[in-house]
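Note that UniProt numbering numbers the sequence shown so that position 186 is 186, with each residue one more than the last.
Idealized CB from N, CA, C, for every residue including glycine.
To start, the structure under review is shown below, and the notes come after it.
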Amino acid sequence: MRVDTIVTDEGSSKASGSELLDTKNSDDITKPKPSQFPLSDINAPVILLIGKTGAGKSTLGNLLLGTSEDENPTFNASDRFSSVTKKSGSANIKFGNMTYNIVDTPGIFDTDDLNEGVLEEIAHTIQKCAHGIKAILFVLEAKRRAKENGQYDKSISSRKQTEDLEYFKKSSWNEPIKAFVNSMGNRWAISPNPEIFPPNSIVHKQRLEELQKLITSDIDGVYTNDLFQKIQEERNKSAMITNSKEKERQELEYIINALKEQIVKLQSEVDNLKSRSCFGLETQVRLESGRVIQMSELQTGDRVLSNVRNGIAEYSDVYLIALGKLDHEEEFAIVSFTRSDGSKGQLRLTVTHYVFDENLFAKDLRPGKTKILMSDNNNKLVPVFVDDVTIELHDKYISFYTRAGTVITNDVLSSCYDQCPPSQMLMDLVFLPVRLWTYIIPSTHREERLHPYVQFLETAYFLFVNTIRSGKRLIGN
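Quick look at the structure:
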């Protein structure tokens with residue numbers, strides 16, 4: 001999967017400006033003129049457009065599709081102040097011999113008061129990508145930031161910046177932008193403003209070719225996982241039913257039965273999920289400086305030890321934190337273990353927290369039978385058996401998220417996500433928009449409740465996975 005950056009400069013409502021994008025052959029893009037179709041008809045790997053309202057997602061999609069100058073472009077472009085795209089839409093696009101579905105999503109991160117309907121639509125879109133995601137294009141409007149508060153305050157678009165990429169970088173990029181683009185593997189491009197560079201201009205074609213190359217080169221294959229593959233298997237089975245009315249009836253019956261089976265259980269679990277914590281406040285993490293602190297001291301922006309690979313310690317930014325005291329006592333698993341040097345250790349975390357090496361909930365660890373991964377003094381992850389697991393009730397907690405999605409706590413490699421199995425990768429994908437956006441506008445969220453967007457994402461993911469599970473059990477019966 002590719003995650004590439006698209007930068008846009010301010011333009012008209014028809015074309016919001018210069019976006020960072022990925023294209024190859026402009027002649028392949030413009031013929032034939034594609035039309036939009038619903039997400040239910042997605043039939044190929046997806047190129048996903050995400051970003052803020054008015055940043056130029058829809059314009060970017062139309063540029064790639066060659067319909068930006070049409071009277072009725074494929075995707076309706078918005079101005080900076082209101083989102084036209086309320087529902088995700090898709091259209092076929094062909095690069096060489098490969099066909100993809102380009103998907104335009106509603107604007108997110110537009111206000112402090114997050115719109116749950118928009119978030120639900122984003123989650124619904126991800127669920128529909130059973131053929132995998134080829135690339136995620138993060139569309140960013142090119143503006144300067146005020147030095148005092150980090151907010152955008154000035155348009156920086158110009159003809160020279162679109163014509164000369166190095167000049168654009170030197171004249172426009174501040175440190176957050178540089179860090180963000182570097183985190184994407186320095187994959188970025190500019191989409192030309194059609195009002196300045198018409199489709200037949202050399203600059204217009206050159207910028208689109210650069211964008212297509214980013215999407216199609218270097219990394220083969222698409223983002224996928226077992227869950228996506230299983231969804232596609234069920235769709236293929238359904239496609240074998242020749243009678244369309246019978247197919248529709250069976251699909252509807254499948255969904256209804258799955259929901260009926262889980263509705264009571266899910267409601268209880270979702271209510272708990274919204275307030276569920278992750279770690280005990282006394283749990284320790286290691287900062288990049290080498291200092292070891294308790295989680296209660298963590299601040300957003302701290303870089304903590306998140307993994308060890310090939311003898312190298314990896315550190316990751318903390319971008320969201322919630323800590324405080326619950327209005328009820330929550331079950332915590334106290335996991336006891338023996339380190340490779342013989343010293344004893346413990347880790348306190350919620351019973352449905354995900355721990356590695358055997359990818360289990362904390363409550364499912366079995367003394368002397370299951371292993372966890374421990375970091376040692378030689379920068380290695382060593383599997384050790386769990387000595388004991390007990391359950392205690394506590395009401396104080398901390399929940400936080402690193403960009404890596406993992407953290408090493410009390411020397412144990414753990415996920416940052418609660419209710420994570422069966423797929424850490426899917427949770428990483430679901431959380432991608434908020435991770436990307438906090439690169440540009442760092443969050444200061446450190447309250448007694450999870451960020452509302454995170455609450456929604458965890459709830460939507462949990463509902464989705466359990467519905468899929470229940471549906472597969474019904475099919476198996």
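- Taking C-beta separations shorter than 6 Å and ignoring five residues to either side along the sequence, the partners of E314 in its chain run S306 and N307, following chain order.
- Cβ-Cβ separation between Q294 and T283: approximately 7 Å, consistent with a contact (criterion under 8 Å).
- Beta-bridge analysis with DSSP links P383 to L373.
- In the structure shown, the three-state DSSP call for M184 is coil.
- With respect to the C-alpha of N378, the residue from G311, C278, A77 and V386 having the closest C-alpha is G311.
- Inter-residue distance for A362 and V412 is about 12 Å (C-alpha atoms, whole angstroms).
- When the Cα atoms are used, S399 and I334 turn out to be separated by approximately 17 Å.
- For S306, the enclosing beta strand (DSSP E) covers residues R303 to R309.
- Sequence-distant partners of E288 (beyond 5 residues in either direction) whose C-beta falls short of 7 Å from its own C-beta, in its chain, are R303 and Y315.
- Proximity of the region 188-203 to the region 46-55 falls short of the contact definition, fewer than three beta-carbon pairs being nearer than 8 Å.
- Within the same chain, and ignoring the five residues on either side of P73 in sequence, the residues whose Cβ sits closer than 7 Å to its Cβ are N62 and T67.
- Here R403 is buried, its C-beta having at least 16 other C-beta atoms within 10 Å.
- If you draw a straight line from the Cα of E297 to the Cα of G185, it is about 31 Å long.
- With a contact defined as Cβ atoms closer than 8 Å, T350 and E330 qualify at about 6 Å.
- DSSP places K94 in the uninterrupted beta strand (DSSP E) bounded by G89 to F95.
- The closest CA to that of H394, considering only T59, Y100 and F279, is found on F279.
- Beta-bridge pairing by DSSP links M98 to F95.
- In the assembly as shown, D104 is a buried residue. Its beta-carbon has 16 or more other beta-carbons within 10 Å.
- Here R348 is bridged, per DSSP, to I334.
- By the neighbour-count criterion, in which a residue is buried when 16 or more other Cβ atoms sit within 10 angstroms of its Cβ, G301 is exposed.
- With fewer than 16 other Cβ atoms inside 10 Å of its own Cβ, G290 counts as exposed.
- Within its own chain, the residues whose Cβ lies closer than 6 Å to the Cβ of A44, once the five positions on either side in sequence are excluded, are T99, Y100, N101 and H131, listed in chain order.
- Taking the Cβ atoms as the reference, D357 lies roughly 5 Å from P383, within the contact range of under 8 Å.
- Going by DSSP, G61 is part of the alpha helix (DSSP H) stretching over K57 to L65.
- The bridge partners DSSP lists for G51 are V139.
- Here G324 is not near F337, since their CB atoms are 8 Å or more apart.
- The C-alpha of L64 is placed about 45 Å away from the C-alpha of L373.
- In the three-state reduction of the DSSP assignment, H328 falls in the strand class.
- For A322, the closest of K396, D70 and V292 by C-alpha to C-alpha distance is K396.
- Taking the Cα positions, G96 is about 22 Å away from P192.
- A residue is called buried when at least 16 other Cβ atoms come within 10 angstroms of its Cβ; T406 meets this threshold and is buried.
- Of the other Cβ atoms in all chains shown, 16 or more fall within 10 Å of the Cβ of R187; this residue is therefore buried.
- The Cβ-Cβ distance between P106 and S90 does not fall below 8 Å.
- By the neighbour-count criterion, in which 16 or more other beta carbons inside 10 Å mark a residue as buried, K170 falls on the exposed side.
- DSSP places F356 outside both helix and strand once states are collapsed to three, so it counts as coil.
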